[in-house]
Each structure stands twice: as structure tokens, then as C-alpha cells.
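**Student:** Going by full-length UniProt numbering, the first residue of the sequence shown is number 1, and it counts up by one from there.
Note that the Cβ used here is the ideal one computed from N, Cα and C, for glycine as well.
My structure is below; once you've seen it, I'll send some questions.
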Amino acid sequence: MSEPAFKRIELADIAERTSNSFVDGPFGSSLKSDEYTQAGIRLIQLQNIGINEWNDDNKKFISEQKFLSLQRHGAVPGDIAIAKMADPVARACIVPEASKQFVVVADCIRLRPDTTKFVPSFIVKAINSPYTRQEAEKKAIGSTRIRINLSTLKTVGCLVPPFDHQAKIAEILDTLDEAIRGTDAVIAKLKALKQGLMHDLLTRGIDANGNLRPLQSKAPHLYKESPLGWLPKEWEHLTVNELSRSSAIGPFGSDLVASDYRSEGVPVVFVRDIKPNNFSWRSNVFLDERKAQALLAHKVAAGDVVATKMGFPPCISAVYPSTMPDGIVTADVVCVRPKLNLVRPEWLSISLNSPNVQRQVDQITAGVTRPKVTLRDVRELKIALPEIHEQLAILERTLSIDNEIKGNGDILDKLRLQKSGLMDDLLTGRVPVTPLL
Numbered sequence: 001m002s003e004p005a006f007k008r009i010e011l012a013d014i015a016e017r018t019s020n021s022f023v024d025g026p027f028g029s030s031l032k033s034d035e036y037t038q039a040g041i042r043l044i045q046l047q048n049i050g051i052n053e054w055n056d057d058n059k060k061f062i063s064e065q066k067f068l069s070l071q072r073h074g075a076v077p078g079d080i081a082i083a084k085m086a087d088p089v090a091r092a093c094i095v096p097e098a099s100k101q102f103v104v105v106a107d108c109i110r111l112r113p114d115t116t117k118f119v120p121s122f123i124v125k126a127i128n129s130p131y132t133r134q135e136a137e138k139k140a141i142g143s144t145r146i147r148i149n150l151s152t153l154k155t156v157g158c159l160v161p162p163f164d165h166q167a168k169i170a171e172i173l174d175t176l177d178e179a180i181r182g183t184d185a186v187i188a189k190l191k192a193l194k195q196g197l198m199h200d201l202l203t204r205g206i207d208a209n210g211n212l213r214p215l216q217s218k219a220p221h222l223y224k225e226s227p228l229g230w231l232p233k234e235w236e237h238l239t240v241n242e243l244s245r246s247s248a249i250g251p252f253g254s255d256l257v258a259s260d261y262r263s264e265g266v267p268v269v270f271v272r273d274i275k276p277n278n279f280s281w282r283s284n285v286f287l288d289e290r291k292a293q294a295l296l297a298h299k300v301a302a303g304d305v306v307a308t309k310m311g312f313p314p315c316i317s318a319v320y321p322s323t324m325p326d327g328i329v330t331a332d333v334v335c336v337r338p339k340l341n342l343v344r345p346e347w348l349s350i351s352l353n354s355p356n357v358q359r360q361v362d363q364i365t366a367g368v369t370r371p372k373v374t375l376r377d378v379r380e381l382k383i384a385l386p387e388i389h390e391q392l393a394i395l396e397r398t399l400s401i402d403n404e405i406k407g408n409g410d411i412l413d414k415l416r417l418q419k420s421g422l423m424d425d426l427l428t429g430r431v432p433v434t435p436l437l
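Structure, rendered in C-alpha cells:
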């Protein structure tokens, strides 16, 4: 038996056959921001509408009395909220059960599907599909930020299969969404756990028995005062300069220009390649061997610590990995080669990214529109320093939770890739859903 055909159906024909089943928000003086309240009827705003997901952060309300004059713009859980404006235009989500009653604002649209013919959880996915998105973008107006009005959106079409197929496709994709949300939540919990753990490890360290030292307030004899605050008695505080064999920045001006870049050769390291404790080379820019040799003073090698001179905030740091060949840093990158008898590269990196150092950076860049540090600034930053054996013990703890985060991140990437492929296949009829019914 052949797979039933998908039909192109305009959104106007998906709406319920009742008045006000497909409406946008009130315009102009009908709803002003000074009429917003702390509680009451929840507003649906652009910020709330994600792609197949509701963003609950931005909460605004109007009074129930005000709502009486705006009832035609109302929405209830199970309706579909659609954004008139990018990014992207015509993105849609199901109105959640966060409130019993909502009302859409001017830049939003509410669609109430005819549930005798259409499954809302399928329709919302179809609206967000490339097929419908492309049509919406073609029909939208504007240059800097495109928008689509209600009358135009009504003419935009979705590819729709028979009712039972809609339900099965929605079930498959909803199951994947649930797995993605669950994995996302696990990663968020692990990151929060890591943040708390890092604070403890970087301020209390690990004692000879492998345990966190007691808090300073409970065991003051184990700590000493320092410019960085209370530190374990065994720890020192040294500057980056005291901890480095060498430190340098990239070449300035005409020493390295875009015309020097090649498609292969020696990699060039930019600010964008450096994330907190995570070097991820995405620049894909190279120099030929001759040019790299001329810039040898700006070389970066495995085990060096690279830090950004600029950004929000500056001084984000990572260890240059052994998986990368030697490279050349650009002018806005600092390269520090640690004294390995004093400090592990990973310790220096997590220290530079720590609140202790970021507070020092904030003092250096206070009052500046575009925060930036110099090589001298970086060299003078103070680092809390335990003995090497304790650094290694602390790093082992952080590596364990990093591996958990990475493992779940890999699972999340696979789930998203699987969802992307399934959406493309199932929402176009390319892959039949009949065997699953």
C-alpha cells in the first residue's frame, strides 16, 4: 500500500471554522506598556516564542478588567503562537499550560487549529519546517528585520498528511524533544554542580586525605590572608609572569595581514578559537611555512596557555591542545608558556577563568567601553597556587565532571542531529510513517 500523499494546505484553512480563530495582537493605543501589571492575564510576546518551544522567562501581564476589551486576541493552552518578526520570522510554538488564559501582543499571532482535522503538535512542527519557513520568508517584508502580517501569513502553506499520520509523526518528534530536554536538563545540573565544585576547589583545595578542606570560618587555622582573600596555608600567590617561562602576544600591523592567510600550512589562532578552558579551533586560517618562520616569536605550542586580550570579558583562557600542530597567535591573543615545575597549564587556565582573576580584570578595565587587557596586565595578574600534587588532585576532580558534561553533550548533539534528519524526512513524506501506525 502506497504512503498517503501530503497536501499543501494554507494556514487559513487549518484554522477552526469560528470567528477569531486566527488573529494577531491589538495595535496602537489598544494596549500600552503602562497597562502591564504584576499579575493577571499573561501576555504572549516575541521573546516567549521559540522554534517548537515556549520560552517562559519574560513574564508580563494585564489586568482581567483590561482583558475584557481584548478577548478576541486571547489564547489558551494548546493554541499555536506565531511570531510576526524575525529571527526567524513565522517561528511557532504551542501555547503552554503555564497559565489558563493568555493574550497575544501586536507582533504575535494566535492560530487555533481545527482539531477534527489537524493535530496542533504536528502543525506547529510543520510551520517551523524548512518548507513553510522558506515560503514565509519569501512573502515577508523588510530588509534589516523582516516581518510578516496576518493576512499574508494566512496564505502560507504547510505540507499535511492524513490525521492519523499527523498524530504519529508528532508523537515521534515529541519523544525526541523530550529526550533533548531531559539531556539539556542533565547538562545544566552538571554545569551548576561544576560551578559550585570549582568555587570550593579553587578556594579550599584538597587536603592530604583527598578531602575538601573545611571552610575558613570553621577551621581558620588552616588558612591565611592574601591579596586574593583567604587561601589555604600551604598555598602561595604568584603573578602570571612569575609562573611563566615566556609570554607574548601576536604580531601587530603589517607583520600579519589578511593577504598572508592560506588554505593550508601553519594554523593561526584568533580570539574566537578560545573559550573558557576549552580551545576549539574554528578559524581554519593558515600561514605558509616561510611566513610562520618569520613570526616564530609568536608561536604557540601544545601545553601553552592562550588568553584573549579583548572581549566580554577579556582574559578568557584555554590550554592549547596536543591535537593541534604548532601555530601562530594573532595580536589580540596572549600566549603564556608555564614553568611546569610550578604550575600545570590546566591550573593556570582555570585560574585565569576564575572569579578571583576576573575581579582583577574588572578593576583593570573599569569604565572602558570595549574592555581590553595588555600583555603587561596579564603578566601582573595574581594566581592562587597550591603545590603541583594538589593541583593534579584538583584537576582530576574537575576532569571527571567535565567528562560527564562532554558525554551528555555528545548525546545531545546526536539527538539533535537525529531530530533534524527525522523532521526533514517525516515532515515531507520522504520517509513513510505507515509501518509505525
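Starting from S19, follow its DSSP beta bridges and name the residues at the other end.
**Tutor:** As a first step, residue 19 must be located in the sequence shown, where it is residue number 19. In the DSSP output, where bridge partners are listed per residue, S19 has none listed.
**Student:** Can you have a look at D273 and say buried or exposed, based on whether 16 or more other CB atoms are within 10 angstroms of its CB?
**Tutor:** Looking up residue 273 in the sequence shown gives position 273. When all chains shown are included, D273 counts as buried.
**Student:** When the distance is taken between beta carbons, is W230 closer than 7 Å to P386?
**Tutor:** As a first step, residue 386 is located in the sequence shown; it is residue number 386 there, counting from the start. As a first step, residue 230 is located in the sequence shown; it is residue number 230 there, counting from the start. Contact: no.
**Student:** For a quick check, are the C-beta atoms of A167 and V119 less than 7 Å apart?
**Tutor:** Here residue 167 corresponds to residue number 167 of the sequence shown, with the count starting at 1. Here residue 119 corresponds to residue number 119 of the sequence shown, with the count starting at 1. Contact flag set, yes.
**Student:** Can you list, in chain order, the residues of its chain with a C-beta nearer than 7 Å to that of Q38? Leave out the 5 residues immediately preceding and following it.
**Tutor:** Numbered from its first residue, the sequence shown carries residue 38 at position 38. For Q38, where only same-chain residues beyond five positions count, the Cβ hits under 7 Å are F61.
**Student:** Opposite E225 in the DSSP bridges: which residues?
**Tutor:** Counted from its first residue, the sequence shown places residue 225 at position 225. Bridge partners of E225: W230.
**Student:** With burial defined as no fewer than 16 other Cβ atoms inside 10 Å of the residue's Cβ, what is the status of P130: buried or exposed?
**Tutor:** In the sequence shown, counting from the first residue as 1, residue 130 sits at position 130. So P130 ends up on the exposed side.
**Student:** Taking the straight line between their C-alpha atoms, what separation do you get for V319 and G303?
**Tutor:** As a position in the sequence shown, residue 319 is number 319, starting the count at 1. As a position in the sequence shown, residue 303 is number 303, starting the count at 1. If I take the Cα positions, the gap works out to 6 Å.
**Student:** With DSSP as the reference, identify every bridge partner of I172, one or two as the case may be.
**Tutor:** Here the question's residue 172 lines up with position 172 in the sequence shown. According to DSSP, which records beta bridges pairwise, I172 is partnered with nothing at all.
**Student:** Please tell me whether I328 and V268 are closer than 7 Å, where the distance is taken between their beta carbons.
**Tutor:** Translated into the one-based positions of the sequence shown, residue 328 becomes position 328. Translated into the one-based positions of the sequence shown, residue 268 becomes position 268. Cβ atoms of I328 and V268: closer than 7 Å.
**Student:** Can you name, in chain order, every residue of its own chain whose Cβ lies under 8 Å from the Cβ of Q47, other than the five neighbours on each side?
**Tutor:** The count along the sequence shown starts at 1 and reaches residue 47 at position 47. Closer than 8 Å at the Cβ level, and outside the excluded window around Q47, lie N55, D57 and N58.
**Student:** Return the residue from the list C108, R42 and I249 that minimises the CA-CA distance to V334.
**Tutor:** If you number the sequence shown from 1, residue 334 lands on position 334. Checked all of C108, R42 and I249; the closest Cα to V334 is I249.
**Student:** According to DSSP, is L381 part of a helix, a strand, or is it coil?
**Tutor:** Translated into positions along the sequence shown, residue 381 becomes position 381. Reduced to three states, the DSSP call for L381 is coil.
**Student:** Taking the Cβ atom as the reference point for each residue, do residue 491 and I44 lie within a distance shorter than 7 Å?
**Tutor:** The structure shown does not extend to residue 491, since the chain is modelled only from 1 through 437, so no value can be given for it.
**Student:** Assign K291 to one of three DSSP states: helix, strand, or coil.
**Tutor:** Residue numbering aside, residue 291 sits at position 291 when the sequence shown is read from its first letter. In the structure shown, K291 sits in a helix (DSSP, three-state: H, G or I).
**Student:** Name the residue from A75, H298 and A393 whose alpha carbon lies nearest to the alpha carbon of A208.
**Tutor:** Taking the first residue of the sequence shown as position 1, residue 208 is located at position 208. Considering only alpha carbons, the answer is A393.
**Student:** Does P77 pass the burial test, meaning 16 or more other C-beta atoms within 10 Å, or should it be called exposed?
**Tutor:** Translated into the one-based positions of the sequence shown, residue 77 becomes position 77. By the neighbour-count rule (16 or more Cβ atoms within 10 Å), P77 is not buried but exposed.
**Student:** Quick one: is L427 buried, meaning 16 or more other Cβ sit within 10 Å of its Cβ, or exposed?
**Tutor:** For this step, residue 427 is matched to residue 427 along the sequence shown. With 16 or more other Cβ atoms within 10 Å, it is buried.
**Student:** Using the Cα positions of M1 and V433, report the straight-line distance between them to the nearest angstrom.
**Tutor:** For the purposes of this step, residue 1 is taken as residue 1 along the sequence shown, with counting starting at 1. For the purposes of this step, residue 433 is taken as residue 433 along the sequence shown, with counting starting at 1. Any reading at M1 needs caution, since the residue's pLDDT is 40, under 50, leaving its predicted position unreliable; the model's value is listed next. One C-alpha to the other measures close to 12 Å.
**Student:** Who does N48 pair with in a DSSP beta bridge?
**Tutor:** Here residue 48 corresponds to residue number 48 of the sequence shown, with the count starting at 1. According to DSSP, N48 bridges with nothing at all.
**Student:** Helix, strand or coil for L30 per DSSP?
**Tutor:** Your numbering for residue 30 matches position 30 in the sequence shown. Strictly speaking, residue 30 in this sequence is Ser, with Leu absent from that position. The answer is helix: DSSP assigns S30 an H, G or I state.
**Student:** Kindly indicate the opening and closing residues of the beta strand (DSSP E) around R370.
**Tutor:** As a first step, residue 370 is located in the sequence shown; it is residue number 370 there, counting from the start. That residue, R370, is in no beta strand (DSSP E); it is neither H nor E in DSSP.
**Student:** Buried or exposed: which applies to G367, given that a residue is buried once 16 or more other Cβ atoms fall within 10 Å of its Cβ?
**Tutor:** Reading the sequence shown from its first residue, position 367 is the one you call residue 367. Counting Cβ neighbours within 10 Å, G367 comes out exposed, since fewer than 16 surround it.
**Student:** Helix, strand or coil: which one does DSSP assign to V319?
**Tutor:** What you label residue 319 is simply residue 319 of the sequence shown in a count that begins at 1. Strand at V319.
**Student:** Could you please give the first and the last residue of the uninterrupted beta strand (DSSP E) stretch that includes F67?
**Tutor:** As a first step, residue 67 must be located in the sequence shown, where it is residue number 67. Careful: F67 lies outside any beta strand (DSSP E), inside the alpha helix (DSSP H) at E64 to F67.
**Student:** Got a sec? Which residues, its chain only, sit under 8 Å from P371 by beta carbon, not counting five neighbours each side?
**Tutor:** What you label residue 371 is simply residue 371 of the sequence shown in a count that begins at 1. Correct list, in chain order: M310, G311, F312, P313, P314, V361 and T365.
**Student:** Taking C-alpha atoms, which residue in D200, K32 and V89 lies nearest to K66?
**Tutor:** On the sequence shown, position 66 is the one that residue 66 refers to. Among D200, K32 and V89, the Cα nearest to that of K66 belongs to K32.
**Student:** Let's see if you can read the secondary structure: which residues bound the beta strand (DSSP E) around R416?
**Tutor:** The residue you call residue 416 lines up with position 416 of the sequence shown. Run containing R416: none in the beta strand (DSSP E); it sits in the alpha helix (DSSP H), I388 to L426.
**Student:** Let me know if I206 comes out buried or exposed under the rule of 16 or more other beta-carbons within 10 Å of its beta-carbon.
**Tutor:** For the purposes of this step, residue 206 is taken as the residue at position 206 of the sequence shown. With 16 or more Cβ atoms within 10 Å of its Cβ, I206 is classed as buried.
**Student:** Of all the options Q293, A297 and R262, which has the alpha carbon lying nearest to the alpha carbon of N284?
**Tutor:** As a first step, residue 284 must be located in the sequence shown, where it is residue number 284. Closest by alpha carbon: R262.
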